[in-house]
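Scroll down for the structure; my scribbles are underneath it.
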Amino acid sequence: MIRGAMYVFLAAFLFFNIAEHASVSCALTSELQRKIAEANEKGPYLGLIIPNSFELSPLLQNPGYTPYDTVIDFAGKRFRFGAIGDKPVILVMTGLSLINSGITTQLLLSFFAVEGVVHYGIAGNANPSLHIGDVTIPKQWAHLTLWSWQRHGLGPDDTLPLEDNGDYTRNLGFLKFADFTTNVSDDSSADNQLNNIWYQPEEIFPVDGVPEERQHAFWVPVDSNYYRIAEKLQGLKLESCVNSTTCLSSTPKMQFVKRGISQSIYVDNSAYRTFIYNKFEVSPVDMETASVALICLQQRIPFIAIRALSDLAGGGSAESNEADTFLSIAAANSVSTVIEFVKLLSSH
Numbered sequence: 197m198i199r200g201a202m203y204v205f206l207a208a209f210l211f212f213n214i215a216e217h218a219s220v221s222c223a224l225t226s227e228l229q230r231k232i233a234e235a236n237e238k239g240p241y242l243g244l245i246i247p248n249s250f251e252l253s254p255l256l257q258n259p260g261y262t263p264y265d266t267v268i269d270f271a272g273k274r275f276r277f278g279a280i281g282d283k284p285v286i287l288v289m290t291g292l293s294l295i296n297s298g299i300t301t302q303l304l305l306s307f308f309a310v311e312g313v314v315h316y317g318i319a320g321n322a323n324p325s326l327h328i329g330d331v332t333i334p335k336q337w338a339h340l341t342l343w344s345w346q347r348h349g350l351g352p353d354d355t356l357p358l359e360d361n362g363d364y365t366r367n368l369g370f371l372k373f374a375d376f377t378t379n380v381s382d383d384s385s386a387d388n389q390l391n392n393i394w395y396q397p398e399e400i401f402p403v404d405g406v407p408e409e410r411q412h413a414f415w416v417p418v419d420s421n422y423y424r425i426a427e428k429l430q431g432l433k434l435e436s437c438v439n440s441t442t443c444l445s446s447t448p449k450m451q452f453v454k455r456g457i458s459q460s461i462y463v464d465n466s467a468y469r470t471f472i473y474n475k476f477e478v479s480p481v482d483m484e485t486a487s488v489a490l491i492c493l494q495q496r497i498p499f500i501a502i503r504a505l506s507d508l509a510g511g512g513s514a515e516s517n518e519a520d521t522f523l524s525i526a527a528a529n530s531v532s533t534v535i536e537f538v539k540l541l542s543s544h
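Per our numbering, the sequence shown starts with residue 197, numbered consecutively.
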């Protein structure tokens with residue numbers, strides 16, 4: 197009861213401060229406060245954060261998921277309550293992009309009694325040794341579209357603007373656009389005015405840190421205990437056919453990989469795919485996970501991400517459209533993996 201009251205107080209404080217100058221419809225009504233308090237009394241929950249409806253629907257239809265009567269709508273989000281095995285869960289869909297996934301994760305953790313987060317969905321694949329349909333569980337995630345874009349004429353030995361102030365760094369390396377220029381002979385060098393982009397870590401402000409005193413994070417690790425439990429899923433049987441006539445050429449497998457990356461970019465480009473794999477050793481490429489990872493890091497909440505590969509991020513043939521063909525297999529495989537992971541987590 198005390199824990200439930202604490203979450204209601206926090207929810208009311210946050211919502212009324214955020215909505216002070218907004219319309220009345222944004223306010224946290226007494227009815228909504230009551231519903232949140234009642235839901236939190238039945239917690240804590242495992243938060244399941246899901247990018248899109250084609251990844252949410254298979255879970256709602258899976259017999260391993262038991263829905264509760266409680267559904268709470270606010271701030272444009274729908275929070276569904278239920279259970280997987282003996283584990284109470286909250287389901288929430290983010291929508292596309294890092295911004296949407298960040299907003300949704302913060303709302304979930306601010307208003308509800310959440311003990312950990314599992315993020316799942318589909319992803320592109322940058323790793324040439326993996327295949328469509330495989331389910332990847334990386335140890336680390338990074339946001340790859342926070343850049344310092346260097347002016348033309350400057351190079352790797354030149355200090356970036358604000359670098360000495362600690363705002364930007366050259367430690368993580370860069371992408372040189374001229375390296376991808378076509379129709380250049382082997383005995384000549386290429387240049388163009390786009391020059392270099394330098395990859396940057398995120399600024400974070402952990403709940404146990406000093407307010408307004410920034411820290412930095414680039415590679416965000418998943419929870420080590422969650423990862424050890426997930427490794428027990430090795431050998432899990434996964435789907436390989438869309439229907440009786442359309443099947444994958446290889447049987448999908450569970451893949452425990454080094455790294456995944458997120459950016460608000462749909463990658464369908466072979467050159468960029470090769471670059472990010474060679475430079476960062478990444479496998480899944482998506483548009484949401486890094487935001488979830490960074491907010492869980494700031495809030496000190498255990499986190500893991502499960503991403504099934506739906507396409508080759510531009511690595512297929514010019515005629516192929518893997519994502520449209522195999523999206524349903526990838527979504528189904530991500531859901532079946534989540535179901536089994538949560539059951540294992542519950543038993544631990």
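Cβ atoms here follow ideal geometry from the backbone N, Cα and C, with glycine treated the same way.
Bear in mind the structure is a predicted one, so any value in this text is a computation, not a measurement.
Bridge partners - residue i, DSSP secondary structure assignment
| i | result |
| --- | --- |
| SER344 | TRP394 |
| ASP507 | GLY320 |
| ARG276 | VAL267 and LEU287 |
| THR332 | GLN451 and ARG503 |
| THR262 | ALA279 |
| LYS372 | ASN392 |
| VAL418 | Answer is none; VAL418 lacks a bridge partner. |
| GLY243 | ILE286 and VAL313 |
| ALA413 | GLU398 |
| HIS339 | SER458 |
Neighbour-count burial assignment, residue i, 16 or more Cβ in a 10 Å radius
| i | result |
| --- | --- |
| THR301 | buried |
| ALA467 | exposed |
| VAL538 | buried |
| PRO407 | exposed |
| HIS544 | exposed |
| TRP345 | exposed |
| SER420 | exposed |
| PRO247 | buried |
| GLU536 | buried |
| SER381 | exposed |
| SER487 | buried |
| ILE525 | buried |
| GLU518 | buried |
| VAL403 | exposed |
| ASP330 | buried |
| ARG230 | exposed |
| HIS348 | exposed |
| GLU251 | buried |
| GLU399 | exposed |
| SER221 | For SER221, the pLDDT reaches just 44, beneath the cut-off of 50, and the residue's location in the model is therefore unreliable, although a value from the coordinates is still provided. The residue is exposed, with fewer than 16 neighbouring Cβ atoms inside 10 Å. |
| ASN439 | exposed |
| ALA218 | Annotation note: pLDDT 39 at ALA218 (below 50); position unreliable, coordinate value reported separately. Exposed. |
| SER249 | exposed |
| ILE232 | buried |
| THR447 | exposed |
| GLU484 | buried |
Which listed residue (the options) has its alpha carbon closest to that of residue i
| i | options | result |
| --- | --- | --- |
| ILE333 | LYS539, VAL534 and SER543 | VAL534 |
| SER137 | ASN236, SER253, LYS231 and LEU305 | The question about residue 137 has no answer here: the residues shown for the chain are numbered 197 through 544. |
| PRO397 | PHE370, LEU505 and GLY510 | PHE370 |
| ASN258 | ALA528, PRO480, LEU541 and ASP375 | ALA528 |
| LEU505 | ASP520, CYS492 and PHE499 | ASP520 |
| ILE461 | SER446, ALA509, SER385 and VAL267 | ALA509 |
| THR442 | GLN389, GLN411 and LEU523 | LEU523 |
| ILE241 | PHE250, GLU227, PHE277 and GLY272 | As written in the sequence, residue 241 is Tyr, which differs from the Ile given in the question. It is PHE277. |
| GLN411 | ILE500, ASN367 and LEU493 | LEU493 |
| LYS238 | PHE270, THR225, ALA279 and LEU429 | ALA279 |
| ALA374 | GLU484, ASN388 and THR365 | ASN388 |
| PHE275 | ASN236, LEU292 and PHE250 | ASN236 |
| THR470 | LYS273, SER306 and PRO324 | PRO324 |
| LYS372 | ALA386, THR365 and GLN336 | ALA386 |
| ILE502 | LYS273, ILE491, GLU427 and LYS475 | GLU427 |
| GLU409 | TRP415, PHE401 and VAL416 | PHE401 |
| ARG366 | SER384, TRP394 and LEU350 | TRP394 |
| SER542 | GLU311, CYS437 and ALA271 | GLU311 |
| PHE308 | ALA413, ASN379 and ILE268 | ILE268 |
| ASN296 | PHE499, ILE491, LYS449 and ILE500 | ILE491 |
| ALA338 | PRO498, VAL416 and SER532 | VAL416 |
| LEU368 | ILE245, ILE472, ALA489 and THR378 | ILE472 |
| LEU244 | GLY512, ASP507, ILE500 and LEU540 | ILE500 |
| THR391 | LEU350, SER384 and ASN379 | Residue identity check: residue 391 is Asn in the sequence provided, not Thr. Answer by Cα proximity: LEU350. |
| LEU304 | ILE328, LEU326, TYR364 and PHE270 | PHE270 |
Residue-level contact to chain B via CB, residue i, 9 Å cutoff
| i | result |
| --- | --- |
| LEU444 | Judged by its chain identifiers, the structure shown contains no chain B, having just a single protein chain. |
Quiz item: Can you find at least 3 beta carbon pairs, one from the region 313-325 and one from the region 433-445, that sit closer than 8 Å?
Solution: no
Exercise. Spell out a yes or no on whether the region 281-292 and the region 250-266 are touching, meaning 3 or more CB-CB pairs, one atom from each, closer than 8 Å.
Key: yes
Quiz item: Can you list the beta strand (DSSP E) stretches of 3 or more residues lying completely in the region 428-489, in chain order?
Solution: 450-458 and 478-482
Quiz item: Pairing CB atoms from the region 277-284 with CB atoms from the region 346-360, are three or more of them under 8 Å?
Solution: no
Quiz item: For the region 447-458 against the region 477-484, are there 3 or more C-beta pairs whose distance is under 8 Å?
Solution: yes
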